[in-house]
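Here is the structure we will look at.
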Amino acid sequence: MSEPIRADLDAIPLYVPGKAAPDALKLSSNEVPYGPLPGVVDAITATATEVHRYPDLAATALTQRLSERLAVGPERIATGTGSVALIGHLMQALASPGSEVVYSWRSFEAYPIAATVAGLTSVQVPNAPDHRHDLHAMAKAVGPDTRAIVVCSPNNPTGPVATADELDELFDSVPESVLIVIDEAYREFVTDPASPDALERYGDRPNAVVFRTFSKAWGLAGLRVGYMVASPEVAAAVRKCVIPFAVNVAAQSAALAALDAEEEMRRRVALVVAERERTIAAAREIMPGIPDSQANFFWLPLAGGAVDFAAHCQRLGILVRPFAGDGVRVTFGRPEDNDRMLEALRSFSPTNE
Ligand code: PMP
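When the count follows UniProt numbering, it moves up by one through the sequence shown with no breaks and lands on 353 for the last residue.
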């Protein structure tokens, strides 16, 4: 890249959206397949006459509601344009020359991008062979320049969770000056009792940071609303980095309406969870090595066949998310969607593509 652009941005791949036929079955972005929750469309519509005004800068009503719901003070909450924006802002707040962030790999693809853009050095720790985080190895990777460890639980794109025992040990073995960031974008889908609600279990630790989002279980991916809970100091630092008015008028209103529809959200999540158990069991009869998932997607460890399988699915009108040379992430859809995807897996053979 030429001057005056920073040379280290060369290492970041340009995001190229997948080319989907308009009628393709989209199982590629970990969205829920059921449309907006009841009340959300009306809430958005009601904001239409307000769009000549800036939104509430501090998303006061939403922050207050989250504060009550999560039993943490509003000074400990930051809201942003999706949790991915807040992850970037946290990294900006932590970056100084030579400072590092530790996270597992493979994990959420935004971590290395956010780290590089912020100016943090990434220290990537390979997942265990069963596609789970290796929290021992992550703790060992902490050095004098480490500012944060990011634990993605459930892990995107492989699916497993970190357990309470593993996280307890991590908190006990890492100095308090290192933030332990738990990305719980998929928390609502977790049913494994070994996986703690990070806010309930670690919320009082000064170095705990928890990310959540309205994009997944709450069905608001298109509106971009996420939040973070941390110590008042860390939350304030992140708020300083957030672009003003980050959560727009419609998004603030829709998030409040979504919270009013929690019962329906839980009902939909239960449908996804039932499909998760059924689909993974069926897929395991077709291919070995599929890890457990506690999220609304699962991982096909296809290694060199990943891109071919995605192309095979695309020919069948199904969009999935390949990670070249590694595996394919497939989001659960409606039962008939998952059956179509299983049929694609059954008819896939890397050699005759
Ligand atoms: N964290 C994880 C682990 C994710 O998978 C995602 C979305 N793919 C996000 C954060 C960001 O979600 P959003 O920006 O939509 O809130």
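For glycine and all other residues, C-beta sits at the position ideal for the given N, C-alpha and C.
Beta-bridge pairing of residue i - partner residues as DSSP gives them
i, result
"V330", "F298"
"residue 366", "Residue coverage of the chain in this structure runs from 1 to 353, which leaves residue 366 outside it and unanswerable."
"S122", "V101"
"G219", "Partner(s): none; G219 has no beta bridge."
"L25", "I318"
"I77", "V229"
"A235", "Bridge partners of A235: none, in fact."
Proximity below 8 Å, CB of residue i to CB of residue j
i, j, result
"V32", "V328", "no"
"V161", "V190", "yes"
"T331", "L37", "no"
"A283", "L319", "no"
"A256", "A71", "With the sequence shown as reference, residue 256 is identified as Leu, and Ala is not the correct amino acid for it. For L256 and A71, no; Cβs fall outside 8 Å."
"A164", "E188", "no"
"A59", "T79", "yes"
Distance cut-off 7 Å: residue i Cβ against heavy atoms of the ligand PMP
i, result
"S215", "yes"
"F189", "no"
"G88", "no"
"E108", "A quick correction: the sequence has Phe, not Glu, at residue 108. True, at least one ligand heavy atom lies under 7 Å from that Cβ."
"S96", "no"
"N156", "yes"
"F332", "no"
"F211", "yes"
"S104", "no"
"S83", "yes"
Residue i versus residue j: straight-line alpha-carbon distance, rounded
i, j, result
"I87", "S96", "16 Å"
"P55", "A246", "9 Å"
"N352", "V229", "Confidence at N352 is low in this model, with a pLDDT of 47, below 50, so the placement of that residue should be treated as unreliable; the coordinate-derived value is given next. N352 and V229: Cα-Cα distance of roughly 50 Å."
"Y15", "P74", "34 Å"
"S293", "L94", "31 Å"
"A139", "N127", "13 Å"
Residue burial classification, residue i (beta-carbon count within 10 angstroms, cutoff 16)
i, result
"S347", "exposed"
"P13", "exposed"
"I113", "buried"
"V151", "buried"
"L345", "buried"
"G325", "exposed"
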